[in-house]
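Notes follow the structure.
2 protein chains.
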Amino acid sequence: MKTLLISLTALATVGAAPPPKPVLAPSEIVAAAPAADWVAIAPADLLVMTLINDRRVIIQLMPAPFSQGWISNIRKLAAASWWDGTSINRVQDNYVVQWGDASEKKPLPTGLASVPEDDYLVRLPTRLDINGQAFEFSANPPIRLAPGDDNYAPAAGFLHGFPFGMLPYEAGVRSMWPIHCYAMVGVGRNLSPDTGTGAELYAVIGHAPRHLDRNIAVVGRVISGIEHLSSLPRGTGALGFYEKAEERVPIKSIRLASALPAAEQPRFEYLSTASGSFAKYADARANRRDAFFIKPAGGADICNIPVPVRKKA
Amino acid sequence: MKTLLISLTALATVGAAPPPKPVLAPSEIVAAAPAADWVAIAPADLLVMTLINDRRVIIQLMPAPFSQGWISNIRKLAAASWWDGTSINRVQDNYVVQWGDASEKKPLPTGLASVPEDDYLVRLPTRLDINGQAFEFSANPPIRLAPGDDNYAPAAGFLHGFPFGMLPYEAGVRSMWPIHCYAMVGVGRNLSPDTGTGAELYAVIGHAPRHLDRNIAVVGRVISGIEHLSSLPRGTGALGFYEKAEERVPIKSIRLASALPAAEQPRFEYLSTASGSFAKYADARANRRDAFFIKPAGGADICNIPVPVRKKA
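Chains W and Z, in that order, give the protein sequences.
Following the numbering used here, the numbering of the first sequence begins with 1 at its first residue and continues without gaps.
Following the numbering used here, the numbering of the second sequence begins with 1 at its first residue and continues without gaps.
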């Protein structure tokens with residue numbers, strides 16, 4: 001994409017003043033990020049879903065310490081080939097695509113954990129450091145993600161490549177939880193206190209349903225092939241469920257990438273949310289100054305700052 | 001949908017205390033709204049798009065005084081049957097579906113206005129009354145839409161059934177602009193100062209791209225048939241444009257509903273955003289207390305409070 005330089009400052013520049021910097025679009029900032037700002041995603045943290053006609057959807061699992069009870073179940077379900085022959089059963093417009101066992105009778109593998117609601121949140125003992133990485137507030141002006149500026153949480157920010165909500169630091173503990181943005185993957189469940197096993201999963205295909213935060217486990221996000229889910233025909237039953245068995249979309253298999261032959265393992269990397277490139281990218285998302293834009297917003301909601309992910313060269 | 005009553009208060013109730021009110025889901029509040037809370041949409045304000053295979057998409061045009069220059073053009077384009085034989089040319093995942101003349105050579109009808117960028121905003125001379133209807137702040141706690149709590153505008157709220165951003169009242173004038181939520185329809189354009197004629201239109205099919213607010217004209221929203229747009233195959237070219245002519249989706253016609261035979265005119269109504277029912281609905285969207293939810297968010301972003309629209313009986 002070409003970028004035109006539009007700057008009143010430039011018109012006013014005289015003498016030895018430095019030339020104005022080019023105005024980069026968010027995508028250009030990402031393209032210019034140095035290799036060191038990218039973090040490889042381990043194949044053991046990728047779930048590869050293969051649909052009929054070999055359409056492939058790749059899901060990055062949430063990093064520790066978040067949602068690990070459900071993710072442990074998901075690893076067991078994948079290892080047991082449990083999803084093979086199941087199907088996508090629900091496509092609700094501007095909401096979710098959901099998959100699992102339509103019969104609700106397929107026996108689950110043994111040894112799945114029953115995870116408590118408490119685990120929707122993670123309570124971390126240190127103020128700023130989590131696994132050695134600072135919580136990456138994006139609170140520096142002009143990105144309006146300072147505490148109090150998220151509609152759903154006292155604060156919101158990024159850690160290890162994912163967006164999180166959080167409570168204020170209190171009594172030595174910081175509570176954090178993953179949030180529902182576009183393409184996030186969550187665990188279907190029945191009424192509380194059930195939290196779901198992980199056998200029934202959904203992906204968000206509409207405006208961020210943030211009211212689900214802290215009510216459902218978020219276990220990852222689709223990083224490739226979301227279009228194979230988002231462009232499916234909408235279900236005409238209640239909640240977007242398909243009404244006829246033949247409408248369901250067969251799932252050939254779901255595997256951890258690490259279980260595939262090495263040559264078939266997909267390789268992806270994300271832009272470190274602790275990097276200077278990400279800070280610049282987030283700022284540019286909140287303040288579009290590339291040629292098409294005439295009025296930068298001066299802010300953004302956290303789901304409108306999707307973390308860049310790309311295939312590893 | 002059944003609603004279970006979950007209330008610790010209920011367990012504590014003794015003696016003559018009144019029974020707790022049932023906890024209604026947002027959809028139940030809408031279903032219970034009295035007829036007087038619904039506002040009929042005039043057929044002259046509905047655009048009926050018919051795609052190949054008679055799939056029908058219905059767009060409600062933005063009420064006066066917003067975006068009326070472009071809407072006047074759109075009425076002329078529909079009256080001239082200008083879109084008949086054009087096509088949907090772009091489907092970008094989590095962003096927009098766009099339609100118009102793929103050749104960019106079809107002559108436009110005469111008499112279209114060239115609308116200035118100033119018209120992205122409307123400057124209203126009174127503080128609270130607009131066309132006799134108060135601007136409907138949703139600022140009463142606990143709905144967090146008070147001034148300063150929108151990430152993209154100093155304030156946000158509803159008027160005449162649509163969501164708007166606004167600036168503080170200043171020097172006798174209140175500036176307001178329509179915002180980009182899911183299903184909103186806007187006017188494609190080239191680089192500023194061009195603002196587009198209205199011949200090239202798009203609909204939002206992803207997370208609200210609010211950075212487009214005040215940068216593009218918003219002229220209405222899809223109120224029926226959005227699934228015929230959102231479930232289309234994604235384009236594989238730059239920006240989601242279809243790369244081959246045969247991928248484009250033919251448009252049979254676009255007409256104002258008022259130009260159709262009376263028996264074929266669709267009839268819709270929206271829940272008055274000035275009504276008590278809407279206030280209850282918005283509160284319930286921000287504080288889900290129906291049985292599925294264990295943790296009400298205590299807030300919502302304005303695009304997560306979609307205005308209810310239904311077929312008129």
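Where is the CB? At the ideal position from N, CA and C, for every residue including glycine.
Reduced DSSP secondary structure (H/G/I, E/B, other) of residue i
i	result
glutamine 92 of chain W	coil
proline 250 of chain Z	strand
glycine 111 of chain Z	coil
arginine 189 of chain W	coil
glutamine 68 of chain Z	helix
serine 231 of chain Z	coil
phenylalanine 162 of chain W	strand
tyrosine 120 of chain Z	helix
arginine 310 of chain Z	strand
alanine 300 of chain W	coil
isoleucine 205 of chain W	coil
arginine 350 of chain Z	Nothing in the structure corresponds to residue 350 of chain Z, since chain Z is present only between 1 and 313.
tyrosine 152 of chain Z	coil
arginine 267 of chain Z	coil
proline 178 of chain W	strand
glutamine 133 of chain W	Here the model assigns glutamine 133 of chain W a pLDDT of 48, short of 50, so the residue's position is not dependable and the matter cannot be decided.
glutamate 243 of chain W	coil
glycine 157 of chain W	strand
alanine 40 of chain Z	strand
leucine 46 of chain W	strand
glycine 198 of chain W	coil
leucine 61 of chain W	strand
Which listed residue (the options) has its alpha carbon closest to that of residue i
i	options	result
glutamate 246 of chain Z	Z:Pro34, Z:Ile52 and Z:Pro107	Z:Ile52
asparagine 287 of chain Z	Z:Ala300, Z:Ser275 and Z:Gly276	Z:Ala300
proline 163 of chain Z	Z:Ala313, Z:Pro308 and Z:Lys312	Z:Pro308
methionine 176 of chain Z	Z:Val218, Z:Glu28 and Z:Gly206	Z:Val218
isoleucine 71 of chain W	W:Leu232, W:Thr86, W:Leu46 and W:Asp54	W:Leu46
isoleucine 254 of chain Z	Z:Tyr281, Z:Pro266 and Z:Ser81	Z:Ser81
alanine 183 of chain W	W:Val96, W:Glu269 and W:Ala32	W:Val96
glycine 157 of chain Z	Z:Asp118, Z:Thr50 and Z:Ala274	Z:Ala274
proline 107 of chain W	W:Leu121, W:Thr86 and W:Pro125	W:Thr86
tyrosine 120 of chain W	W:Gly186, W:Ser103 and W:Leu61	W:Gly186
alanine 208 of chain W	W:Ala79, W:Leu271 and W:Pro306	W:Pro306
arginine 248 of chain W	W:Ala262, W:Pro233 and W:Pro261	W:Pro233
alanine 35 of chain W	W:Ala291, W:Asp283 and W:Ser277	W:Ser277
glycine 220 of chain W	W:His228, W:Ala203 and W:Leu124	W:Ala203
glutamate 227 of chain W	W:Arg55, W:Arg310, W:Ala25 and W:Ala42	W:Arg55
proline 125 of chain W	W:Ala238, W:Ala42, W:Tyr169 and W:Ala33	W:Tyr169
alanine 79 of chain Z	Z:Glu264, Z:Ala102 and Z:Val48	Z:Val48
Close beta carbons around residue i, own chain, < 7 Å, minus the five adjacent residues each side
i	result
alanine 316 of chain W	Any property of residue 316 of chain W remains undetermined from this structure, which presents chain W solely from 1 to 313.
asparagine 190 of chain W	none
proline 296 of chain W	Asn287, Arg288 and Arg289
asparagine 73 of chain W	Leu112, Ala113, Thr197 and Gly198
leucine 77 of chain W	Trp83, Pro109, Gly198 and Ala199
lysine 312 of chain W	Ala40, Arg267, Phe268 and Glu269
phenylalanine 66 of chain W	Val122 and Pro178
arginine 214 of chain Z	Tyr120, Leu121 and Trp177
Close Cβ partners of residue i (< 6 Å) along its chain, the five nearest in sequence each way excluded
i	result
leucine 212 of chain Z	His180
glutamate 200 of chain Z	Gly100 and Gly188
histidine 160 of chain W	Pro63
valine 115 of chain W	Gly69, Trp70 and Thr195
leucine 167 of chain Z	Pro154 and Ser175
Contact belief for residue i with residue j at Cβ below 8 Å, rounded distance in angstroms
i	j	result
isoleucine 251 of chain W	tryptophan 99 of chain W	6 Å
aspartate 150 of chain W	glycine 165 of chain W	7 Å
proline 193 of chain Z	isoleucine 58 of chain Z	Contact flag wrong, Cβ pair sits at about 32 Å.
tyrosine 242 of chain Z	asparagine 89 of chain Z	6 Å
tryptophan 38 of chain W	serine 230 of chain W	That pair is no contact at about 26 Å.
glycine 225 of chain W	aspartate 93 of chain W	Going by Cβ atoms, the distance from glycine 225 of chain W to aspartate 93 of chain W rounds to 19 Å, so no, they are not a contact pair.
glycine 235 of chain W	valine 91 of chain W	5 Å
isoleucine 223 of chain W	glutamate 117 of chain Z	Isoleucine 223 of chain W to glutamate 117 of chain Z, Cβ: 37 Å. No contact.
Residues near residue i by beta carbon distance below 8 Å, same chain, minus five either side
i	result
arginine 210 of chain W	Asn151, Tyr152, Ile179, His180 and Cys303
isoleucine 29 of chain Z	Ser277, Lys280, Tyr281 and Ala284
Short of 9 Å Cβ to Cβ, which residues in the stretch 151 to 175 of chain Z face chain W? Asn151, Tyr152 and Ala153
Which residues, taken in chain order from the stretch 75 to 109 of chain W, show a beta carbon closer than 9 Å to some beta carbon of chain Z? Val91, Asp93 and Asn94
Any residues in the stretch 229 to 254 of chain Z with a beta carbon nearer than 8 Å to a beta carbon of chain W? Which ones, in chain order? Ser230, Ser231, Leu232, Pro233, Arg234 and Ala238
Residues, ordered as in the chain, of the stretch 291 to 307 of chain Z that lie near chain W by beta-carbon distance below 9 Å: Ala291, Phe292, Phe293, Ile294, Lys295, Pro296, Ala297, Gly298, Gly299, Ala300, Asp301, Ile302, Cys303, Asn304 and Pro306
Any C-beta of chain W within less than 8 Å: which residues of the stretch 208 to 232 of chain Z qualify? Ala208, Pro209, Arg210, His211, Asp213, Arg214, Asn215, Ile226, Glu227, Ser230, Ser231 and Leu232
For the stretch 188 to 199 of chain Z, which residues have a CB atom closer than 7 Å to at least one CB atom of chain W, in sequence order? Leu191 and Ser192
What residues from the stretch 257 to 285 of chain W come within 8 Å of chain Z, judged by C-beta to C-beta, listed N to C? Arg285
Would you list, in chain order, the members of the stretch 44 to 69 of chain Z that have their beta-carbon closer than 7 Å to a beta-carbon of chain W? none
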